[in-house]
Every structure is written in C-alpha cells, then in structure tokens.
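Chemist: Pasting in a structure now, in structure tokens, and then I'll have a few things to ask.
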Amino acid sequence: MYRFITTAFALSIPLLLVLLGIEVAVAAWPALSAFKLSFLTSSRWDAVEGVFGAAPAIYGTLVSSALALVIATPLAIGVAIFLSEFAPPWLRQPVAFLVDLLAAIPSVVYGLWGIFVLVPALREYVMPFLSDRLHLGNTPFFSGPAYGPSMLAAGLILAIMVLPYISSVTREVLMAVPRSQREAALALGATRWEMIWGAVLPYARSGIVGGILLGLGRALGETMAVTMVIGNRHEISSSLFAPGYTMASLIANEFSEATNDMHLSALMAVGAVLLLVTVIVNVIARLLVWRVERQGKA
409 MYRFITTAFA
419 LSIPLLLVLL
429 GIEVAVAAWP
439 ALSAFKLSFL
449 TSSRWDAVEG
459 VFGAAPAIYG
469 TLVSSALALV
479 IATPLAIGVA
489 IFLSEFAPPW
499 LRQPVAFLVD
509 LLAAIPSVVY
519 GLWGIFVLVP
529 ALREYVMPFL
539 SDRLHLGNTP
549 FFSGPAYGPS
559 MLAAGLILAI
569 MVLPYISSVT
579 REVLMAVPRS
589 QREAALALGA
599 TRWEMIWGAV
609 LPYARSGIVG
619 GILLGLGRAL
629 GETMAVTMVI
639 GNRHEISSSL
649 FAPGYTMASL
659 IANEFSEATN
669 DMHLSALMAV
679 GAVLLLVTVI
689 VNVIARLLVW
699 RVERQGKA
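Basically the numbering used here = 1-based index in the sequence shown + 408.
Listed below in structure tokens is the structure:
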C-alpha cells in the first residue's frame, strides 16, 4: 500500500506538467492558428487592432537571460571552485550559506532594489561611462540615451538571481569528482591550480554546463524583478541601454487587462512558448548533472 501511494505521488508530478501543457496549448491555439509563424516573427503587438506578434518579447527574454549568464557564470564558477578546493572548513559552510541565501530573497525585493539602487546607478554612472566613445560607445550595444530601465538592468538583476543556482550545482558537481582524479594529477607533478584546471574541471564539465542551464531556466521565467527594471517597451533594439520586454513581463503586465478572447489567447501563446523553452532547458540541464553524478559513483 505504501509503495502504491508513493508511486502515485511521484507520477502526479509529470502528470500535472502534462495537464498544464495541454491546458496552455488549448488556450493558445486560437492565436497560433490565426497568426501562425508571424506570431513568432512579427514585432507588432496591437490589442486594439487584434494583431499580435511576440518577437520583441522572445528577443528580450533570450537577450536578458544570455546577458545574465555571461555575467553570473564566471562569478558562480569562481565561488564554487573556492568553496570546494580552497576554502578552509570553518569558512566553507558560512560562505556557501550566504551564497545560497540569495536564492531565498523574494523577486519583488530584487525589483525594489533594482528601482531604487541599480537603475539610478546605471543611469548616472555606468551608462555614461560605457557610452563614451573612448570606451564602448562606438558599438551598437552601448549606444543611445541612458534611460536607466533597460535590457542591461534586467540582465544585471537576473545575474544576481541566477548566481546561487549555478554556484550551488557547480559546487556539488565539483565535490562529486573522485578524489583519485585530484591525487593522480598531483602525483604527476601538477600544481594545485593545474590539478583543478586539467583534471577536476574537465571531469565535471557536463555537470557545470547543466548548472548553467538550470540558471538559464531560472532566468527565462523570472517575472517580477525583470518587469520592474526592464522598461517594458515592445520593440527590438540592439542597444542594451534601450527598454525592452520579456515573455514573462508581457504576460504579467497585460493578462489582467486582456479585453477579448484573441488578446487572452495571444498571451497564453506567449506562455506556451515560454513553457516549452523552459522545460527543454531544464530537462537538458538535469540530464547533464545526472551524468556527472553517475560518473562520480562509478
């Protein structure tokens, strides 16, 4: 009986995911069938005219998430290496706890911090510095007026939010590397850093990539903090200084104001795309992490 109950509980999770996917797909079908591929490629989002194109929201989601990974990944891997290889025992747990604590902070708190601290700092100091022609102002990525709320602000706040996820997974993967890997490298005359670079990191590579993809899955679905700092403008711009939109922030801003069935279906279609991308990313990440764990037990 106990085995039956626990099996039923375990099967209920994928069943809920399937039911959720079916419900979202059914609600999204009117918009997807009406606009077809143009829903993913068009930049026009006009609820009054009943024309919907989600390209800017998809673009904003991918760019802000990619920017977050570019910033957070080196920091997270560096923290994980320090905690697993260099930190003394008395320091390892407190630092790991503080890093993991970042994941427990509510996203609305990150958003408030972004509005009152991050955005003013970007507008007054960082953006003018980057837009200077002597620095990066000649590139299309750092041109235009310094609004403050922007794709850059969204990327930075996402980087802070995904850092503990990447760091935690990477640390666990590095700890799972067999001790024999380290001892063999040191026995061959490698320094401690050469041992980490040449023996530990290659062994844990797929798991680290899995941790990065888990962070990507977290960044793709973040809503409140991004909505508060990204500017919420439905257009595609190459400049990171320009306001943008993400799929999650688009749904959050307009769902309660949807006045007709097609508008609601278009928002559900955006949610369907976001759900599909997030599920794929997380499945790939879990497979990579499990691969390293099996290697460590072998």
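Note that beta-carbon positions come from the ideal geometry of N, C-alpha and C, so glycine has one too.
Could you tell me whether the Cβ atoms of Leu684 and Ser473 are closer together than 8 Å?
Modeler: no
Chemist: How many angstroms separate the CA atom of Ala680 from the CA atom of Leu596?
Modeler: 53 Å
Chemist: Determine which residues share a DSSP beta bridge with Phe460 and list them.
Modeler: Trp453
Chemist: Comparing alpha-carbon positions, which option in Arg452, Val478, Tyr573 and Ile479 lies nearest Ile466?
Modeler: Arg452
Chemist: For Met535, which residues in the same chain have their Cβ closer than 7 Å to its Cβ, ignoring the five residues on either side in sequence?
Modeler: Ala554 and Phe649
Chemist: Gly597 by DSSP, collapsed to three states: which one?
Modeler: coil
Chemist: So what's Gly556 in DSSP terms, helix, strand or just coil?
Modeler: coil
Chemist: Let me know if Val608 comes out buried or exposed under the rule of 16 or more other beta-carbons within 10 Å of its beta-carbon.
Modeler: buried
Chemist: Alpha carbon to alpha carbon, how far is Phe412 from Leu419?
Modeler: 11 Å
Chemist: Of all the options Ile479, Tyr573, Leu560 and Pro528, which has the alpha carbon lying nearest to the alpha carbon of Val507?
Modeler: Tyr573
Chemist: Could you spell out the range, first to last residue, of the alpha helix (DSSP H) harbouring Leu506?
Modeler: Pro497 to Leu509
Chemist: Threshold first: 4 residues or longer. Then list the alpha helix (DSSP H) segments lying entirely within the stretch 605 to 635, N to C.
Modeler: 613 to 629
Chemist: I'd like to know whether the C-beta atoms of Ala592 and Glu602 end up nearer to each other than 8 Å.
Modeler: no
Chemist: Tell me where the alpha helix (DSSP H) around Arg411 begins and ends.
Modeler: Tyr410 to Phe443
Chemist: So what does Gly468 bridge to, in DSSP terms?
Modeler: Answer by DSSP bridge pairing: none, since Gly468 is not bridged.
Chemist: What do you reckon, are the CB atoms on Leu477 and Ile620 nearer than 8 Å?
Modeler: Yes, these two residues count as a Cβ contact at 8 Å.
Chemist: What's the gap between the Cα of Met583 and the Cα of Pro502?
Modeler: The alpha-carbon of Met583 is positioned some 17 Å away from that of Pro502.
Chemist: Could you say which of Thr415, Glu580, Leu427 and Ala439 lies nearest to Ser673 if we only look at CA atoms?
Modeler: Ala439
Chemist: Beta-carbon separation of Thr631 and Thr469 under 8 Å?
Modeler: no
Chemist: What whole-angstrom Cβ distance do Arg579 and Ala504 have, given they're in contact under 8 Å?
Modeler: 7 Å
Chemist: Output the distance between the C-alpha atoms of Glu662 and Gly458, rounded to the nearest integer angstrom.
Modeler: Straight-line spacing of the CA atoms in Glu662 and Gly458 works out to 14 Å.
Chemist: Going along the chain, which residues of its own chain have a beta-carbon closer than 6 Å to the beta-carbon of Ala567, five neighbours each way excluded?
Modeler: Ala476, Ile479 and Ala480
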